[in-house]
RNA sequence: GCCGGGGUGGCGGAACUGGUCAGACGCGCCCGACUUAAAAUCGGGUGACUUCGGUCAUGCGGGUUCGAGUCCCGCCCCCGGCACCA
């Protein structure tokens, strides 16, 4: 018997699979009969970092690989593509730092990672590889943008946006962590800038619903996480009149039942009312306060504010309320103005205390309205509706819903991204580049260094272009798109990657999508995952596809940590697979990363544990060789060993496919191999060895393929996935547990089909039980069929 | 504060619908075999206490039940998300 040497067998089998095109799955022929047994296995596409992959990637893609293998072999048609989220800041920053073109750096990184992936032996259909920086891809990113523009779901406006002073660009709300840039850690500033937005708020309500296909499911933390982020509040918009200025100020409130308790009125520092009408003192305050970030404002212990010099009239009782400007009111939520009810709102209460403003209670401890005119005595819940109805009749209010979610600003003042296909013309305004002129190719520039405006603006030759409408002089849009635009639709390009007439064919996407199982980090919950859902809903409304959710099932892998923190470049604790693959082999690394613990929980990377997996693989190697030499070719299939085989088969299949639990199957196969070890000549040893190899194949495909040939077979990768025989899962005997007062006093094997009376008789016959009963009377006897007998005495 | 997820040996963890003295599988550790020796490999042991009969053990305190890691109530702690959102 030769030794287990992964470095010998792994490259060999990788070549075999490639030559056999083992994992290339073509799309169905047009007009092919429908089939239900197809599966779209997807993991979040990698960013081609200069550091290559780390163990988090290995976990992510190995999980997808295990599902892919099992589904394939269980007779499903499985598509499992791969590609590159190739645009983005790190490559551009590397180009600035080290010289070279971001494209060269990116493509070099892609080559490195692709080689790492191939070395790990993942079952990927490389024919479908796409990269977001390829003009053949971003042509369609631009094309899709133009569709959003046509439908009014992409627009340009001036708004306060998150500005990263270090990266010199705007970043999205979802990628700010504690007020800092997720990528570089710099403190985010608010800036008023003219930016491109996607109108994600148009789908706020729909995004809160999860319109998943039958069998689909998202983890609770994901659906509730997105719902919290979207933040829907039901209430009313109510108009307060400023008589002396002859204008109305709308407020949004969730508590119209407290309207009679309003004692003052507050506008946000950025509110247009301040600049237009407030006292100079109030304007001074607003200028100062408005520059502060939300986090700074929230951290203030004392409320601050200034009276504007004007009064607003409460529409329910005509009371004149002083209008203050204060920074605890936010311009970008609701209407940027509030009616202040200090008795029933904590913040208003603090403000009233600080500035000695009146407090009026209008709801008593029983939830009943008091001091509220004709609404006195009404329950708050009823009053909410009644007051809004009344105001509606007066034309001073209406039911309204407010969201926390804001539109997605997606223009970036950087070079390495998808150009926005827009031309500005003095006479025609904002002019879309015609479809037939796409792609707008990203040109070269001399200097990528951001200087507060987009580097593309420095390429005069590119910037100056004839207006597509009037032919007059025009200037191109110099901002590029957020990379999350690319990743909002890449999973649809994967299934039709070479289409040069459209981003994808509707029949093809409708066949494969929604994605059957999407695996990726929860850090993208309110970014990528939300944007992708927005894209799919919009594209469905455009008539481009026939579904409304991109991902039927979602799974978030835990973080692979080192030293107690998530692996990341900024932490400097990245561990890649290469050294371990070289030392232990890809199979051991793959199996170990899944064996470490529940895949959805964080795990601490440690090298010591991998030894256990290597020992297991060696034990399997040896056992299989011994079986191949000694075991009878045919077994009866009825031995205890055979039963273990069936039980293990059932467990592995159920754990992975139903429970998404990837570590316990390995334990189960270890137990099987342990039982086989030293019993190579047992009756069903060959059956056990073959099944063990077969079950281990999704985890450790190279050694499995090799051992499969040792057992005299070929092409395990397409060999049907084992199916447990239900008859063999049922047992002929079981271990009867006999308890006295709930404590186990004896246990012994009995036949499976005994009646309850027979079980009780056997239990009573036990000496150990008799010793415990010892004369005491049995008050109650509980029999659980096929499990236990419990005597209650006393 | 609100929402979500957790708390089990020295460590990672198992126990899927309340039912096999809870602790599978692996790591680590201990003992043994092989070896001149070590590594590797193989075999055995490994929750705590114990008067060796047992007793106590799944964050803490109660409860339901013949029986609770699992269900209910009340706490404590940890992790993640949201948060001056009206």
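Residue numbers (my numbering): 90 to 883. The C-beta atom is built at its ideal place from N, Cα and C for all residues, glycine as well.
Nearest by alpha-carbon distance to residue i: which of the options is it?
i: residue 183; options: 172, 171, 197 and 173; result: 197
i: residue 508; options: 492, 154 and 543; result: 543
i: residue 99; options: 331, 792 and 116; result: 792
i: residue 567; options: 502, 649, 591 and 787; result: 502
i: residue 806; options: 250, 103, 96 and 93; result: 103
i: residue 616; options: 694, 316, 162 and 120; result: 316
i: residue 795; options: 707, 139, 589 and 641; result: 707
i: residue 526; options: 800, 810 and 232; result: 232
i: residue 241; options: 736, 606, 642 and 521; result: 521
i: residue 775; options: 785, 801 and 789; result: 801
i: residue 91; options: 336, 710 and 308; result: 710
i: residue 559; options: 128, 828, 300 and 515; result: 515
i: residue 778; options: 790, 656, 713 and 296; result: 713
i: residue 468; options: 452, 480 and 478; result: 452
i: residue 412; options: 329, 397, 419 and 405; result: 397
i: residue 785; options: 737, 603 and 701; result: 737
i: residue 757; options: 535, 308, 705 and 449; result: 705
i: residue 517; options: 555, 495, 483 and 496; result: 555
i: residue 534; options: 163, 185 and 406; result: 185
Determine which residues share a DSSP beta bridge with residue i and list them.
i: residue 521; result: 511
i: residue 109; result: Residue 109 is not bridged to any residue.
i: residue 452; result: 458
i: residue 190; result: BP columns for residue 190 are empty, so no partner.
i: residue 564; result: 513 and 553
i: residue 569; result: 501 and 508
i: residue 887; result: In the structure as shown, the chain starts at 90 and stops at 883, and residue 887 therefore has no counterpart that could be examined.
i: residue 339; result: 328
i: residue 355; result: 413 and 427
i: residue 199; result: Paired residue(s): none; residue 199 is not in a bridge.
i: residue 651; result: 654
i: residue 468; result: 457
i: residue 132; result: 608
i: residue 252; result: 259 and 278
i: residue 870; result: 880
i: residue 265; result: 270
i: residue 642; result: 306
i: residue 127; result: 166
i: residue 486; result: 327
DSSP on residue i, reduced to helix/strand/coil?
i: residue 299; result: coil
i: residue 277; result: coil
i: residue 169; result: coil
i: residue 322; result: strand
i: residue 726; result: coil
i: residue 884; result: Because the chain is modelled from 90 through 883, residue 884 falls outside the range shown and cannot be assessed.
i: residue 491; result: strand
i: residue 542; result: coil
i: residue 379; result: helix
i: residue 85; result: Any answer about residue 85 is impossible in this case: the structure gives the chain only from 90 up to 883.
i: residue 394; result: strand
**Study point:** Contained beta strand (DSSP E) runs [length at least 3] in the stretch 754–841, N- to C-terminal order
**Key:** 822–829 and 832–840
Check your understanding: So, do the stretch 344–364 and the stretch 392–401 have three or more beta carbon pairs nearer to each other than 8 Å?
Key -> yes
Exercise for review: Would you check if there are 3 or more beta carbon pairs closer than 8 Å linking the stretch 615–626 to the stretch 577–587?
Suggested key: yes
Practice item. Run through the stretch 396–443 for me and flag every whole beta strand (DSSP E) of 3 or more residues, listed as ranges in chain order. Key: 409–415 and 426–429
Check your understanding: Between the stretch 747–763 and the stretch 123–135, do three or more beta carbon pairs fall short of 8 Å?
Key -> no
Review point. Touching or not, the stretch 544–557 and the stretch 567–577, by the rule of three or more beta carbon pairs under 8 Å?
Key: yes
Exercise for review: Would you be able to state if there are at least three C-beta pairs under 8 Å between the stretch 424–442 and the stretch 363–370?
Suggested key: no
Point to revise | Start-end ranges of the alpha helix (DSSP H) lying completely within the stretch 217–245, minimum 4 residues | key: 224–239
Exercise for review: Answer yes if the stretch 274–286 comes into contact with the stretch 493–502, meaning at least three C-beta pairs across the two stretches below 8 Å, and no otherwise.
Suggested key: yes
**Study point:** Cβ contact (3+ pairs, closer than 8 Å) linking the stretch 679–692 and the stretch 735–755
**Key:** yes
Exercise for review: Identify every run of the beta strand (DSSP E) within the stretch 588–614, keeping only runs that are complete inside it and at least 3 residues long; order them along the chain.
Suggested key: 606–608
Review point. Do the stretch 204–219 and the stretch 167–183 make contact, defined as three or more Cβ pairs closer than 8 Å?
Key: yes
Exercise for review: Pair every Cβ in the stretch 160–169 with every Cβ in the stretch 137–150, then say whether three or more of these pairs are closer than 8 Å.
Suggested key: no
**Study point:** Cβ contact (3+ pairs, closer than 8 Å) linking the stretch 637–650 and the stretch 592–611
**Key:** yes
Exercise for review: State whether the stretch 256–263 contacts the stretch 465–484, with contact taken as three or more CB pairs (one from each stretch) at a distance under 8 Å.
Suggested key: no
Practice item. Assess, as a yes-or-no matter, whether the stretch 870–882 is touched by the stretch 819–834 under the definition of 3 or more beta carbon pairs within less than 8 Å. Key: yes
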